[in-house]
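> The structure follows.
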Amino acid sequence: MVSLVAFSVFRGSIEIFSYEGVIGFLTGTDWNAVEGRESFGALPYIVGTLASSAIAMVIGVPISLGIATFVSEMSPPRFAAPISFVIELLAAVPSIIYGLWALFVFRFWIRDLIEMPLYNAFHGSIPIFAKYPFGLDLFTAGIVLAIMIIPIISSICREVMRVVPNSQREAAYSLGATRWEAVRIAVFPYAKAGILGAAILGLGRAVGETILVTMIIGNVIGIAAIPTTLFSQSQTLSSLIANEFNEASSDLHLSALIGLGTVLVGDKKK
Amino acid sequence: MNNAERKDYRLLLHEHMKKKYRKRIIIDRLATIFAIVCVVAAIIPLGSILLEVVKNGATALSLEFLVSPQGSIGSGKGGIGPAIQGTIIVVGLASLIATPVGVLAGIYLSEFAGNGIFPSAVRFLNSVLTGLPSIVIGIVGYVTIVLVLGSFSVWAGALSLSIIMIPIVVIVTEETLRIVPHSLREAGYALGISKAKITLNIVLMTAKSGVLTGIGLGIARIAGETAPLIMTILGTSLFFSSLEGPVDALPLRIWRLASQPYESAHSFGWGAALVLILMVLGMNVALRLLAHKKGFTVRAEV
Numbered sequence: 014m015v016s017l018v019a020f021s022v023f024r025g026s027i028e029i030f031s032y033e034g035v036i037g038f039l040t041g042t043d044w045n046a047v048e049g050r051e052s053f054g055a056l057p058y059i060v061g062t063l064a065s066s067a068i069a070m071v072i073g074v075p076i077s078l079g080i081a082t083f084v085s086e087m088s089p090p091r092f093a094a095p096i097s098f099v100i101e102l103l104a105a106v107p108s109i110i111y112g113l114w115a116l117f118v119f120r121f122w123i124r125d126l127i128e129m130p131l132y133n134a135f136h137g138s139i140p141i142f143a144k145y146p147f148g149l150d151l152f153t154a155g156i157v158l159a160i161m162i163i164p165i166i167s168s169i170c171r172e173v174m175r176v177v178p179n180s181q182r183e184a185a186y187s188l189g190a191t192r193w194e195a196v197r198i199a200v201f202p203y204a205k206a207g208i209l210g211a212a213i214l215g216l217g218r219a220v221g222e223t224i225l226v227t228m229i230i231g232n233v234i235g236i237a238a239i240p241t242t243l244f245s246q247s248q249t250l251s252s253l254i255a256n257e258f259n260e261a262s263s264d265l266h267l268s269a270l271i272g273l274g275t276v277l278v279g280d281k282k283k
Numbered sequence: 600m601n602n603a604e605r606k607d608y609r610l611l612l613h614e615h616m617k618k619k620y621r622k623r624i625i626i627d628r629l630a631t632i633f634a635i636v637c638v639v640a641a642i643i644p645l646g647s648i649l650l651e652v653v654k655n656g657a658t659a660l661s662l663e664f665l666v667s668p669q670g671s672i673g674s675g676k677g678g679i680g681p682a683i684q685g686t687i688i689v690v691g692l693a694s695l696i697a698t699p700v701g702v703l704a705g706i707y708l709s710e711f712a713g714n715g716i717f718p719s720a721v722r723f724l725n726s727v728l729t730g731l732p733s734i735v736i737g738i739v740g741y742v743t744i745v746l747v748l749g750s751f752s753v754w755a756g757a758l759s760l761s762i763i764m765i766p767i768v769v770i771v772t773e774e775t776l777r778i779v780p781h782s783l784r785e786a787g788y789a790l791g792i793s794k795a796k797i798t799l800n801i802v803l804m805t806a807k808s809g810v811l812t813g814i815g816l817g818i819a820r821i822a823g824e825t826a827p828l829i830m831t832i833l834g835t836s837l838f839f840s841s842l843e844g845p846v847d848a849l850p851l852r853i854w855r856l857a858s859q860p861y862e863s864a865h866s867f868g869w870g871a872a873l874v875l876i877l878m879v880l881g882m883n884v885a886l887r888l889l890a891h892k893k894g895f896t897v898r899a900e901v
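Chains as they are written, first to last, in our numbering: chain W, 14 to 283; chain S, 600 to 901.
Here it is as structure tokens:
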């Protein structure tokens with residue numbers, strides 16, 4: 014089955030790679046589908062994908078760890094089960110619904126509560142806040158991606174922390190540790206590998222997420238998609254595929270989009 | 600060293616520990632507060648999503664909305680009938696493909712395979728498959744079926760969705776079969792029953808609820824997928840005509856509606872989102888509660 018995936022993605026993209034060359038496709042910044050002037054470069058979307066996922070990870074991982082710690086170590090058992098149930102529900106909400114909510118509700122929260130104050134506070138003196146915020150941008154996309162991956166990461170972290178043997182915790186307590194110290198010196202080191210695995214799984218989800226990002230990242234193409242500020246519109250590999258797939262008229266254009274898919278798979282393997 | 604001096608040292612040490620201890624307690628409290636804030640921060644979006652979907656979706660709901668095809672763009676008439684029908688057809692077909700393949704693969708991995716090179720490779724590739732972005736799986740459906748048959752079709756959509764669902768079913772089946780106690784299998788062997796019969800009648804029956812839960816979770820997952828459908832079933836505003844033609848689906852319809860500039864379209868989008876979320880979350884809640892209940896009864900019996 015995996016070989017089927019590899020085969021079809023490869024076969025579909027061979028045309029664009031022979032047209033632009035592998036290096037040319039990976040580092041080009043133009044994106045022009047007009048017949049006779051075709052030019053396809055994937056670099057801006059690679060950057061957009063990595064940037065939005067990075068924001069999602071920076072926000073999502075600490076919060077997930079906090080949730081997992083609370084549920085498995087701190088909360089009274091009465092609360093632990095309902096909280097993890099609710100978090101698992103959050104994982105089951107389809108991404109299209111996150112997208113709809115982000116597009117019509119959340120984007121205004123972000124714009125009015127976070128982006129505008131930041132913009133006004135610095136008046137463009139700090140480069141990453143120097144664009145007039147609009148709500149549909151890299152920052153919003155990153156945050157919504159974080160919301161989407163939190164349930165996944167936190168429920169795996171919780172499982173991992175639950176299998177840490179109690180003797181570890183008891184050893185820490187017997188040395189006089191407070192509860193947080195017990196978590197820090199006994200639970201985290203023991204669960205480190207599992208937590209890392211959970212984070213990587215979350216990253217994979219964030220990188221591949223399509224529909225949600227398409228709805229809120231602003232969808233610009235070409236060199237403009239390389240974000241210069243946190244509040245820039247951008248584009249990711251998968252959102253570009255989703256946007257242009259139905260309109261792709263020429264075989265070359267289609268092949269370029271499928272080539273983006275190949276890059277996406279390659280990205281994730283790394 | 601006389602007695603007074605020793606007392607002095609003990610006092611100093613005591614003071615020192617006390618000061619340190621206060622700091623440690625404060626850090627401990629801060630960590631607890633941080634953890635609670637994290638939980639609240641994660642629950643706010645869920646609350647907001649459910650609230651908005653119900654608030655905005657409820658006004659759009661009516662019998663007409665659920666059964667009739669879409670009216671002309673921007674008119675605010677009609678409904679999402681074709682989308683609901685399409686989702687049921689495509690998801691049903693996909694689970695018909697994925698269930699036997701997934702369950703049989705799971706049985707193979709847990710009962711027959713052992714730990715050789717081939718089974719490990721299958722397990723590894725299976726977990727790779729769960730990690731593939733769904734849009735890439737859409738490309739697979741497009742290249743293997745749409746390009747070959749020359750038309751967007753239900754088959755392509757069902758195949759793509761089944762590729763997403765199979766690894767989930769495989770993993771859950773294997774995991775549940777593994778926790779079936781060995782004594783049950785041995786009891787079967789002691790009666791001289793063949794391995795195939797033991798697997799089907801004893802092991803699979805014991806693990807039934809777990810396997811069904813896995814299938815259900817897989818169905819709930821693919822019902823909400825949008826990206827692969829864009830490039831396989833395309834979406835249409837008409838009712839289902841044939842398995843070789845394009846068809847509509849709920850997530851796809853929501854996406855299209857949300858990108859139209861009309862208020863009425865947005866309200867339809869919320870309505871469709873409400874239907875989708877009821878389907879998916881309803882299934883999830885029911886299955887998880889069931890599994891929870893079953894899990895406890897099983898443990899009590901064993």
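Note that the Cβ used here is the ideal one computed from N, Cα and C, for glycine as well.
In this text the structure is predicted, and so the values were computed from the model without any measurement.
(1) Could you tell me the alpha carbon to alpha carbon distance between His613 of chain S and Leu728 of chain S, rounded to whole angstroms?
(2) Taking the Cβ atom as the reference point for each residue, do Ala872 of chain S and Val652 of chain S lie within a distance shorter than 8 angstroms?
(3) Taking the straight line between their C-alpha atoms, what separation do you get for Gly813 of chain S and His615 of chain S?
(4) Who are the Cβ neighbours of Val157 of chain W in its own chain at under 7 angstroms, not counting the five residues just before and after it?
(5) Do you know offhand how far Val106 of chain W's Cα is from Arg91 of chain W's?
(6) Alpha carbon to alpha carbon, what distance is there between Ser750 of chain S and Ile80 of chain W?
(7) For Gly285 of chain W and chain S, any beta-carbon pair shorter than 8 angstroms?
(8) Go through its chain and collect everything with a Cβ distance to Ser252 of chain W's Cβ below 7 angstroms, but skip five positions before and after it.
(9) If you run the structure through DSSP and keep just helix, strand and coil, what is Val177 of chain W?
(10) Please report how far the alpha carbon of Leu351 of chain W lies from the alpha carbon of Gly868 of chain S, in whole angstroms.
(11) Count the other CB atoms within 10 Å of the CB of Ser262 of chain W; is the residue buried (16 or more) or exposed (fewer)?
(12) Against chain S, with Cβ distances strictly below 8 angstroms, would Leu116 of chain W count as a contact?
(13) Helix, strand or coil for Val779 of chain S, going by three-state DSSP, please let me know.
(14) Would you check if the region 695-710 of chain S and the region 761-769 of chain S touch, i.e. whether three or more CB-CB distances between them fall below 8 angstroms?
(15) Mind pulling the chain W residues with CB within less than 7 angstroms of Thr908 of chain S?
(16) Using beta-carbon positions only, say whether Ile163 of chain W and Arg218 of chain W come within less than 8 angstroms of one another.
(17) Please classify Gly823 of chain S: is it buried, with 16 or more other beta-carbons within 10 angstroms of its beta-carbon, or exposed?
(18) In this structure, does DSSP put Val702 of chain S in helix, strand or coil?
(19) Are the beta-carbon atoms belonging to Gly756 of chain S and Gly740 of chain S less than 8 angstroms from one another?
(20) On the DSSP letters alone, give me the boundaries of the alpha helix (DSSP H) that Ala93 of chain W sits inside.
(21) Measure the alpha-carbon distance for Ser85 of chain W versus Lys654 of chain S and round it to whole angstroms.
(22) Report the residue ranges of all alpha helix (DSSP H) runs contained in full by the region 706-788 of chain S; include only those spanning at least 4 residues, in chain order.
(23) Just how far apart, CA to CA, sit Val700 of chain S and Pro718 of chain S?
(24) Tell me which residues share the same chain as Thr686 of chain S and place their Cβ nearer than 7 angstroms to its Cβ, disregarding the 5 neighbours each side in the sequence.
(25) If we count the other Cβ atoms within 10 Å of its Cβ and call it buried at 16 or more, is Arg182 of chain W buried or exposed?
(26) What residues in the region 63-82 of chain W bring their beta carbon closer than 7 angstroms to a beta carbon of chain S?
(27) Hey, how far is the Cα of Ile829 of chain S from the Cα of Val846 of chain S?
(28) In angstroms, rounded to a whole number, what distance separates the CA positions of Ser907 of chain S and Ile770 of chain S?
(29) Whose C-alpha, out of S:Gly691, S:Arg784, S:Pro732, is nearest the C-alpha of Leu758 of chain S?
(30) What are the boundary residues of the alpha helix (DSSP H) that Ala204 of chain W is part of?
(31) Could you tell me the boundaries of the alpha helix (DSSP H) in which Ile68 of chain W lies?
(32) Within its chain, find whatever has a CB closer than 7 angstroms to the CB of Ile738 of chain S; leave out the 5 residues flanking it on each side and keep chain order.
(33) Use the C-beta contact count for Phe895 of chain S: other C-beta atoms within 10 angstroms, 16 or more gives buried, fewer gives exposed.
(34) Taking Cβ to Cβ, would you say Gly870 of chain S is nearer than 8 angstroms to Ala659 of chain S?
(35) To the nearest angstrom, how far is the alpha carbon of Leu748 of chain S from that of Val742 of chain S?
(36) Who are the neighbours of Gly868 of chain S on chain W, taking C-beta pairs under 8 angstroms?
Reading from the atomic positions:
(1) Counted from its first residue, the second sequence places residue 613 of chain S at position 14. Counted from its first residue, the second sequence places residue 728 of chain S at position 129. So the alpha carbons of these two residues sit roughly 59 angstroms apart.
(2) Residue 872 of chain S sits at position 273 when you count from the first residue of the second sequence. Residue 652 of chain S sits at position 53 when you count from the first residue of the second sequence. Against a cut-off of 8 angstroms, the Cβ pair of Val652 of chain S and Ala872 of chain S comes out as a contact.
(3) Position 214 of the second sequence, counting from 1, holds the residue named residue 813 of chain S. Position 16 of the second sequence, counting from 1, holds the residue named residue 615 of chain S. If I take the Cα positions, the gap works out to 56 angstroms.
(4) Counting from one through the first sequence, the residue named residue 157 of chain W turns up at place 144. Counting only residues of its own chain and dropping the five nearest sequence neighbours on each side, Val157 of chain W has a CB closer than 7 angstroms to the CB of Tyr111, Ala115, Phe119, Leu225, Ile229.
(5) Taking the first residue of the first sequence as 1, we reach residue 106 of chain W at position 93. Taking the first residue of the first sequence as 1, we reach residue 91 of chain W at position 78. The straight-line gap from Cα to Cα measures roughly 25 angstroms.
(6) Along the first sequence, read from residue 1 onward, the residue named residue 80 of chain W stands at position 67. Along the second sequence, read from residue 1 onward, the residue named residue 750 of chain S stands at position 151. Going from the Cα of Ile80 of chain W to the Cα of Ser750 of chain S covers about 47 angstroms.
(7) Outside the displayed range of chain W (14 to 283) lies residue 285 of chain W, so it cannot be described from this structure.
(8) Sequence index remark: in the first sequence, residue 252 of chain W carries index 239 (1-based). Closer than 7 angstroms at Cβ, skipping near neighbours: Thr223, Val226, Thr227, Ile230, Asn232.
(9) If you number the first sequence from 1, residue 177 of chain W lands on position 164. Reduced to three states, the DSSP call for Val177 of chain W is coil.
(10) Residue 351 of chain W is absent from the model: chain W starts at 14 and stops at 283.
(11) Numbered from its first residue, the first sequence carries residue 262 of chain W at position 249. Any reading at Ser262 of chain W must be qualified, since the residue scores a pLDDT of 49, below 50, and its modelled position is unreliable; the value itself is stated next. Ser262 of chain W should be labelled exposed.
(12) Counted from its first residue, the first sequence places residue 116 of chain W at position 103. So yes, Leu116 of chain W belongs to the interface.
(13) Here residue 779 of chain S refers to the residue found at position 180 of the second sequence. In the three-state scheme derived from DSSP, where H, G and I count as helix and E and B as strand, Val779 of chain S is classed as coil.
(14) yes
(15) There is simply no residue 908 of chain S to check, as chain S begins at 600 and stops at 901 in what is shown.
(16) Here residue 163 of chain W is taken as the residue at index 150 of the first sequence, counted from 1. Here residue 218 of chain W is taken as the residue at index 205 of the first sequence, counted from 1. No. Outside cutoff.
(17) Taking the first residue of the second sequence as position 1, residue 823 of chain S is located at position 224. With 16 or more Cβ atoms within 10 Å of its Cβ, Gly823 of chain S is classed as buried.
(18) In the second sequence, residue 702 of chain S corresponds to position 103, counting from 1. Residue state, collapsed to three classes: helix.
(19) Locating residue 756 of chain S in the second sequence gives position 157, counting from the first residue. Locating residue 740 of chain S in the second sequence gives position 141, counting from the first residue. Contact flag set, yes.
(20) The residue given as residue 93 of chain W occupies position 80 in the first sequence. Start and end: 90-105.
(21) The sequence position of residue 85 of chain W within the first sequence is 72, counting from 1. The sequence position of residue 654 of chain S within the second sequence is 55, counting from 1. Each residue's Cα considered, the two are about 34 angstroms apart.
(22) 716-730, 733-740, 753-777
(23) Residue numbering aside, residue 700 of chain S sits at position 101 when the second sequence is read from its first letter. Residue numbering aside, residue 718 of chain S sits at position 119 when the second sequence is read from its first letter. Rounded to whole angstroms, Val700 of chain S to Pro718 of chain S spans 15 angstroms at the Cα level.
(24) In the second sequence, residue 686 of chain S corresponds to position 87, counting from 1. Taking C-beta separations shorter than 7 angstroms and ignoring five residues to either side along the sequence, the partners of Thr686 of chain S in its chain run Ala822, Ala848, Leu849, following chain order.
(25) On the first sequence, position 169 is the one that residue 182 of chain W refers to. Result: buried.
(26) Ile76, Gly79, Ile80, Thr82
(27) Residue 829 of chain S sits at position 230 when you count from the first residue of the second sequence. Residue 846 of chain S sits at position 247 when you count from the first residue of the second sequence. Roughly 11 angstroms between the two C-alpha positions.
(28) Absent from the structure is residue 907 of chain S, since the part of chain S shown begins at 600 and ends at 901.
(29) Your numbering for residue 758 of chain S matches position 159 in the second sequence. It is S:Gly691 whose Cα lies nearest to the Cα of Leu758 of chain S.
(30) As a working mapping, residue 204 of chain W is identified with position 191 in the first sequence. Note, Ala204 of chain W: alpha helix (DSSP H), 201-221.
(31) Here the question's residue 68 of chain W lines up with position 55 in the first sequence. Per DSSP, the unbroken alpha helix (DSSP H) holding Ile68 of chain W starts and ends at 56-82.
(32) Residue 738 of chain S sits at position 139 when you count from the first residue of the second sequence. Counting only Cβ-Cβ distances below 7 angstroms, and skipping sequence neighbours, we find Met830.
(33) Numbered from 1 along the second sequence, position 296 holds the residue referred to as residue 895 of chain S. For Phe895 of chain S, the pLDDT reaches just 39, beneath the cut-off of 50, and the residue's location in the model is therefore unreliable, although a value from the coordinates is still provided. Counting Cβ neighbours within 10 Å, Phe895 of chain S comes out exposed, since fewer than 16 surround it.
(34) Looking up residue 870 of chain S in the second sequence gives position 271. Looking up residue 659 of chain S in the second sequence gives position 60. Yes.
(35) Sequence index remark: in the second sequence, residue 748 of chain S carries index 149 (1-based). Sequence index remark: in the second sequence, residue 742 of chain S carries index 143 (1-based). Roughly 10 angstroms between the two C-alpha positions.
(36) Along the second sequence, read from residue 1 onward, the residue named residue 868 of chain S stands at position 269. Simply Leu113.
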